[in-house]
Amino acid sequence: MKILVLNSGSSSQKSALFELGKAELPNDPAAPLWQAKIEWNPQSASLEVHTKAGETLKQQTLVRDRKSAVKEMLETIWSGSTKVVEKHEIEAVGHRVVHGGPYLWEPTAITQAVKQAIRKVEPFAPLHNRAELEGIEIIEQLLGTVPQVAVFDTGFHRTLPLSAAVYPGPYSWYEQNIRKYGFHGINHQYCAGRAAQLLKKDLKSLKLVSCHLGNGCSLAAIDSGISVETTMGFTPLDGLMMGTRSGSVDPGILTYLLRETRVPGEKLDKTLNQESGLLGISGVSGDMRKVLAAMRDGNERAKLAFDIYIHRLQTGIGAIVAALNGIDALIFTAGVGENSAEVRAATCANLGFLGVQLDEERNEQSPADVEISTSASHVKVLIIQAQEDWAIAKECRCILGKTGNS
Ligand code: ADP
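What follows is the structure in structure tokens.
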């Protein structure tokens with residue numbers, strides 16, 4: 002079954018085409034037949050198309066509106082030198098939808114009612130949900146009535162106990178659906194299954210902490226395969242320090258700024274989402290690679306940004322382990338988690354009290370889907386390559402009932 006996946010973000014549009022047979026192990030990701038990414042820049046967009054082997058087939062700048070650029074990207078699947086299949090061979094399309102709000106948790110076939118429900122929660126994640134609805138409409142235009150499935154980043158966290166999900170404001174907030182939803186659920190869930198597979202253990206016997214460290218960062222505490230706590234909240238702005246997002250800050254700072262400087266709400270939103278985090282503190286970049294390079298060159302603000310990032314990660318892990326009442330394995334995933342030996346080493350340096358012991362040599366090599374703790378370590382430490390798109394394709398196949406299981 003050939004399944005196309007659209008992963009529409011606020012700053013990028015990723016897409017991949019998979020061929021899923023019935024034989025794959027539940028957590029053995031297949032390489033995509035075709036993979037592409039558009040990075041949205043203020044004036045234009047840059048497109049990259051890759052083959053199954055990771056080879057770059059096409060690189061170009063698109064100076065078109067968002068919708069036309071996405072169409073141009075998708076057309077490289079079935080036309081020109083990048084063609085991998087005929088258009089009619091695509092049997093289903095899966096979409097990552099960031100916020101399902103209180104209405105949508107489980108992966109679901111997209112109908113008019115589902116589209117309306119996604120639109121209804123647009124105010125919860127305006128940039129994301131709008132881009133995702135646009136992606137659904139583009140597929141309708143290009144592929145007509147092909148079945149489409151929505152998979153929600155909030156879905157995995159539907160199991161959070163109320164003690165974790167309800168904010169200690171007035172109870173009426175909760176009645177208005179203002180609660181912790183949590184994000185990165187598609188990858189946290191995949192990582193939990195993959196960790197059990199790599200450790201050759203039953204997922205039901207494991208207490209796991211998954212550290213998703215990309216442009217956005219979040220932790221998930223996973224007990225017996227179930228999410229019991231996570232650091233992102235009502236929006237993906239909460240929790241850990243991120244590339245350009247602040248993560249948790251004293252809400253009193255916001256009321257102070259609103260009261261004393263009369264900063265408009267939209268400006269505050271922009272500051273917290275786009276001008277904070279690694280970028281805000283270092284003044285260099287939201288990209289960890291650039292912050293690390295500046296730090297090595299002696300830039301003190303870059304060093305402070307790194308130190309805050311690690312401090313918040315360590316204290317976040319400590320807190321979430323308490324919610325989990327133990328830990329068998331610590332997982333590093335996504336851009337920073339998979340690639341930065343420095344971040345992993347600095348994070349684990351204060352976790353010896355939990356029984357974490359990193360194998361420094363293995364950590365330096367950043368091997369994908371491998372244990373990087375010593376044999377004496379009580380807590381296994383793993384690097385797991387994020388596989389959101391493949392996980393979405395798998396859910397898609399499951400929903401469309403081709404195999405009856407996933
Ligand atoms: P997204 O959250 O957008 O899916 P990714 O998971 O791809 O992002 O992570 C992107 C981030 O990963 C980049 O901003 C960069 O900071 C970080 N990154 C990628 N490679 C490295 C590396 N070798 N060292 C440190 N950070 C890296």
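Here the sequence shown is numbered in this note's numbering, starting from 2 and rising by one per residue. Where is the CB? At the ideal position from N, CA and C, for every residue including glycine. Just so you know, these numbers come straight off a predicted model, no measurement behind them.
Taking all protein chains shown into account, do 16 or more other C-beta atoms lie within 10 angstroms of the C-beta of residue i, making it buried, or fewer, making it exposed?
i	result
residue 126	buried
residue 99	buried
residue 330	buried
residue 181	buried
residue 298	exposed
residue 295	buried
residue 94	buried
residue 378	buried
residue 119	buried
residue 39	buried
residue 326	exposed
residue 405	Reliability fails at residue 405, whose pLDDT of 44 lies under 50, so the model's placement of it is uncertain and the value that follows must be treated cautiously. Result: exposed.
residue 65	exposed
residue 231	buried
residue 317	buried
residue 237	buried
residue 134	buried
residue 374	buried
residue 334	buried
residue 408	The displayed coordinates of the chain run from 2 to 407. Any statement about residue 408 would go beyond what the structure contains.
residue 293	buried
residue 146	exposed
residue 203	exposed
residue 32	exposed
residue 115	buried
residue 217	buried
residue 199	buried
residue 89	exposed
residue 1	One cannot answer for residue 1 here, as it falls past the ends of the chain, which runs 2 to 407.
Are the beta-carbon atoms belonging to residue i and residue j less than 8 Å from one another?
i	j	result
residue 233	residue 183	yes
residue 380	residue 355	yes
residue 402	residue 215	no
residue 36	residue 191	no
residue 178	residue 102	yes
residue 209	residue 227	no
residue 4	residue 397	yes
residue 351	residue 315	yes
residue 346	residue 19	no
residue 108	residue 156	yes
residue 45	residue 21	no
residue 69	residue 41	no
residue 162	residue 229	yes
residue 91	residue 144	yes
residue 151	residue 213	no
residue 8	residue 251	no
residue 264	residue 258	yes
residue 59	residue 75	no
residue 165	residue 323	no
residue 71	residue 136	yes
Closest to residue i by C-alpha separation, out of the options, would be which residue?
i	options	result
residue 211	69, 202, 57 and 197	197
residue 148	176, 84 and 140	140
residue 10	386, 293 and 185	185
residue 104	33, 96, 90 and 122	122
residue 370	293, 195, 90 and 19	195
residue 219	158, 270 and 399	158
residue 382	368, 62 and 270	368
residue 310	85, 324 and 341	341
residue 113	90, 339, 138 and 89	138
residue 50	16, 199 and 343	16
residue 239	270, 260, 261 and 286	270
residue 307	328, 285 and 320	285
residue 29	193, 89 and 130	193
residue 303	287, 175 and 268	287
residue 67	305, 7 and 132	132
residue 57	34, 262 and 374	34
residue 343	353, 324, 290 and 328	290
residue 353	199, 319 and 31	319
residue 338	386, 154 and 328	386
residue 206	225, 81, 313 and 349	225
residue 349	312, 199 and 268	312
residue 83	89, 106, 376 and 52	52
residue 392	128, 154 and 332	154
Checklist entry - Quick one: any contact between the segment 235 to 254 and the segment 275 to 283, if contact means 3 or more CB pairs under 8 Å? => result The segment 235 to 254 is in contact with the segment 275 to 283.
Item to check | Environment of the ligand ADP in chain order, Cβ to heavy atom below 7 Å | outcome: With 7 Å as the limit, the residues whose C-beta approaches any heavy atom of the ligand ADP more closely are 10, 13, 215, 216, 217, 244, 287, 288, 289, 290, 293, 335, 336, 337, 340, 341, 344 and 387, in sequence along the chain.
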